[in-house]
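The structure appears below as structure tokens.
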Amino acid sequence: MPTDPFFDSICSAENIENTSFCYPYPPGNSALSYRRPRIMATASIAVVAIGMTRHTALQISSIFDNTPYYVAAVLDFAEAPEQYRFSPQNLGAVLYSLKPRPRALVTGTAVDEETVRSIEPVWEDYKARLGQDGIRRSCWVALSRFHGQPGPPPPGIADEIMRQLDAAFR
Numbered sequence: 130m131p132t133d134p135f136f137d138s139i140c141s142a143e144n145i146e147n148t149s150f151c152y153p154y155p156p157g158n159s160a161l162s163y164r165r166p167r168i169m170a171t172a173s174i175a176v177v178a179i180g181m182t183r184h185t186a187l188q189i190s191s192i193f194d195n196t197p198y199y200v201a202a203v204l205d206f207a208e209a210p211e212q213y214r215f216s217p218q219n220l221g222a223v224l225y226s227l228k229p230r231p232r233a234l235v236t237g238t239a240v241d242e243e244t245v246r247s248i249e250p251v252w253e254d255y256k257a258r259l260g261q262d263g264i265r266r267s268c269w270v271a272l273s274r275f276h277g278q279p280g281p282p283p284p285g286i287a288d289e290i291m292r293q294l295d296a297a298f299r
């Protein structure tokens, strides 16, 4: 059975008393096979962000400070190597791979209408599967539709993101 040398060294017998995130493995298991408890797993809502650049998409993480939302993944159109950039297939892979399941999607103001239309069937299929798993609430904030035209985010866009997410989840 493989082990995680880094985690095992941090959680060694001499360090475990001083390290709050170390949990003993059940007999016969290793760090790679043991699922450590998540803190506030039920209170946190994973968000996938799509933006022209990774930097731009990650800027929304700052508006999630002191909220139940967090950016779990980012897809971009320019910074990632070409095969890993946004595509409907890559979005589906990200949505179905993350655990806990993302419940919100935010697409940036620079995402054009054609791309937004290509996202719709992927998101709708994913939402249907979330419903089968007992997750009833989800939200897609399509900022280019709110903003009216692709381009840089206008003032107040953070408030709009929070307004739409809070309407869906609170």
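Quick note, in the working numbering, the sequence shown goes up one by one and the last residue is 299. Where is the CB? At the ideal position from N, CA and C, for every residue including glycine. Since this is a predicted model, take the numbers as computed values, not measurements.
Its Cα nearest to that of P281, the residue Q188 stands out among V177, V176, Q188 and A175. Per the C-alpha coordinates, the member of Q293, E249 and I174 positioned closest to K228 is I174.
Under the criterion of beta carbons closer than 8 Å, L294 and T238 do not qualify as touching, at roughly 16 Å. D205: member of the beta strand (DSSP E) spanning Y198 to D205, first to last residue. A distance below 9 Å separates the beta carbons of V240 and G180. Restricting attention to A186, F193 and V177, the CA atom closest to the CA of R292 is found in F193. By DSSP's assignment, I179 forms a beta bridge with L204 and T236. Assignment of I192 by DSSP, reduced to helix, strand and coil, places it in the helix class. The three-state secondary structure of I248, taken from DSSP, is helix.
Judged by pairs of C-beta atoms under 8 Å, the segment 246-263 touches the segment 205-224, as three or more such pairs exist. Secondary structure of I264 (DSSP, three-state): coil.
Of G260, A233 and Y225, the smallest CA-CA separation from I290 is found for A233. Looking at the DSSP output, I286 bridges to nothing. Residue pairing by DSSP places A271 opposite T236 in a beta bridge. A distance below 6 Å between beta-carbons, with the five flanking residues on each side excluded, links S190 to the following residues of its chain, in chain order: V200. Linking G263 to T196 through their CA atoms gives a straight-line distance of about 23 Å.
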